[in-house]
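Novice: Take a look at this one; I'll ask things after.
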Amino acid sequence: MIIYESKLEGTKDQYERLNNAIRTGLFVRNSIIRAWIDGLIKSRNDAYKYCKVLADNPEFPWARLLNSQARQAHAERAWASIERFYRNCASKIQGSKGFPKFKKQQTKASAEYKISGWKLSDDRRYIEFTDGFKAGSFKLWGTRNLHYYQLDQIKRVKVVRRHDGYYAQFLIDHKREENKELSGRQIGLDVGLNHFYTDSNGFKIDNPRFLRKDERKIKQMQRRLSKTQKHSKNRAKARNKLGRAHLKVSRRRNDWVCKLAQRVIQSNDLVAIENLKVRNMIKNHCLAKSISDAAWVRFREWLEYFGTVYGVPVITVNPNYTSQNCSNCGETVVKTLSTRTHKCLHCGYVADRDENAALNILKLALKELVNTVGHTEINVSGEIPLCLNVETQSSKGTRRKRKA
């Protein structure tokens, strides 16, 4: 599956109709959560049936205007949050179990259509929404060309509202595969804050710190927003301007991380990274903003995506003691976070702290790869080890006479 995104160009009245469709989808989602709390819904099928109940209710005439499959898509969102709550309760995780909450109206929202409720023009440059809200036809602005795919390959269309406008995301049933020549290089990556990552060869990538660069301008916009009166037009303008600034930072960060991950995958045959729990790491209030600005999770997601596209294995390892253990002799050398040089007292090996961690990450990944391949070969072959004294049954091939 791949996703193509295009910006929607229309009139102010059309945007208002899209707002009504998005608001109705939010109403359907919150209504299903309310019905589940009251005990009226106990399964996914009950959530689908409740969409029909909302559409037939004369008290909610706007619910019928939304496409039926769009209502089902929002029912799937609601039930996904309920299933996550059940799953967390069954696994007995510590702390909050993620009880489903009602979503409030906010700028960033979306409405999702399946195979009906929309129609593409013959030249694939315009899209028309044909549900009860009658938003009309919008021009598609983007660099992606939909002519390469058939209409039956487009499984869903999502209308996304952001601070800078409305976008249409097309979910296309297509598997992307790219050819890559073998380079014979294997690499381990240790992410950090001083440098974005340090590989096992000692090469370092500087941390761009996109949020830190624009933080002064963003703070000025926040102060202007706080000085405006609530529910005023100036407050709405200031909020939109602040949202655009944050959106610009996030897009620059995502674009930089995407291109960096693609270069890493194209130049190596194996990539090893740490399986970091960033959600727990940002609980440190002294480093939370810097960790969030580094986008380690997004970098890992792009590495795994391009690894699948180019056929490069991306192996995640346990990060425990990767910075403390010596990559030369394996002994543990206790270091604080401020100690940036690894000096082993047992073998005398001296190296940069992050480079030593990257070497340990690569070694752990190679061990994990060897163990995985070994178990896979044993299971696939189905052979019985020689050390086991087990009598095998004779097959048809052994009972049959051999031809002359």
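According to my numbering, the sequence shown is numbered sequentially starting from -10.
We put the CB at the ideal spot given by N, CA and C, even for glycine.
Small disclaimer: the values here were computed from a predicted structure and weren't measured.
Candidates VAL322, ASP282, HIS220, ASN273: which alpha carbon is nearest ARG342's?
Specialist: Ranking the options by Cα distance to ARG342, first place goes to VAL322.
Novice: Work out the CA separation of HIS63 and CYS148 for me, nearest whole Å.
Specialist: Checking the sequence shown, residue 148 turns out to be Val, not Cys. Between VAL148 and HIS63, the C-alpha separation is close to 13 Å.
Novice: With PHE16 as the anchor, note down where its alpha helix (DSSP H) starts and where it stops.
Specialist: 1 to 26 is the span of the alpha helix (DSSP H), which, as asked, contains PHE16.
Novice: To the nearest angstrom, how far is it from the Cα of PRO374 to the Cα of MET270?
Specialist: Caution is warranted here: a pLDDT of 35 is assigned to PRO374, below 50, making its placement in the model unreliable, and the coordinate value is therefore given only provisionally. Looking at the two C-alpha atoms, the distance is approximately 45 Å.
Novice: Could you name the residues of the same chain whose beta carbon sits closer than 6 Å to that of ASN9, not counting the 5 residues immediately before and after it, in chain order?
Specialist: Here the set comprises PHE122.
Novice: Please report the straight-line C-alpha distance between GLN95 and THR330, rounded to a whole angstrom.
Specialist: 47 Å
Novice: From the DSSP output, which residues share a beta bridge with ALA98?
Specialist: ALA98 pairs with ARG150.
Novice: Name, in chain order, the residues that DSSP records as bridge partners for ASN314.
Specialist: THR321
Novice: Quick check on the DSSP output: what are the complete alpha helix (DSSP H) runs of length 4 or more inside the region 60 to 127, in order along the chain?
Specialist: none
Novice: Taking PRO302 as the reference, which of ALA283, VAL359, LYS81 has the closest Cα?
Specialist: Ranked by how close their Cα comes to the Cα of PRO302, the residues ALA283, VAL359, LYS81 have VAL359 in first place.
Novice: Going by CA-CA distance only, name the one from HIS163, GLN158, LYS97 that's closest to HIS152.
Specialist: LYS97
Novice: Please name the residue in CYS336, ARG150, GLU204 whose C-alpha comes closest to that of GLU5.
Specialist: It is ARG150.
Novice: Go to GLY173, then tell me how far its alpha helix (DSSP H) extends in each direction, as first and last residue.
Specialist: That residue, GLY173, is in no alpha helix (DSSP H); it is neither H nor E in DSSP.
Novice: Could you compute how far the alpha carbon of GLY84 sits from the alpha carbon of ASN77?
Specialist: One C-alpha to the other measures close to 10 Å.
Novice: From ASN34 to ARG12, what does the alpha carbon distance come to, in whole angstroms?
Specialist: 23 Å
Novice: Only counting the same chain, and skipping five residues up and downstream in sequence, which positions put a Cβ closer than 7 Å to that of TRP130?
Specialist: SER(-5), LYS(-4), GLU(-2)
Novice: Would you kindly check if the distance between the Cβ of ALA354 and the Cβ of ALA261 is under 7 Å?
Specialist: yes
Novice: Which residues mark the beginning and the end of the beta strand (DSSP E) in which SER(-5) is found?
Specialist: -9 to -2
Novice: If I measure Cβ to Cβ from THR119 and keep anything under 7 Å in the same chain, skipping five residues before and after, which residues do I get?
Specialist: The answer, listed in chain order, is GLY106, TRP107, LYS108.
Novice: Do you know how far the Cα of ARG73 is from the Cα of ASN46?
Specialist: Straight-line Cα distance between these residues: approximately 29 Å.
Novice: Under 8 Å Cβ to Cβ from GLY371, same chain only, skipping five residues before and after it: list those, please.
Specialist: Note that GLY371 scores a pLDDT of 38, beneath 50, so its modelled location is shaky; the value from the coordinates is reported in the next line. Within the same chain, and ignoring the five residues on either side of GLY371 in sequence, no residue has its Cβ closer than 8 Å to its Cβ.
Novice: Check GLN158 in the structure and name its three-state DSSP category.
Specialist: strand
Novice: With a threshold of 8 Å on Cβ separation, who are the neighbours of HIS163 within its own chain once the five nearest residues in sequence on each side are excluded?
Specialist: MET(-10), ILE(-9), TYR138, GLN142
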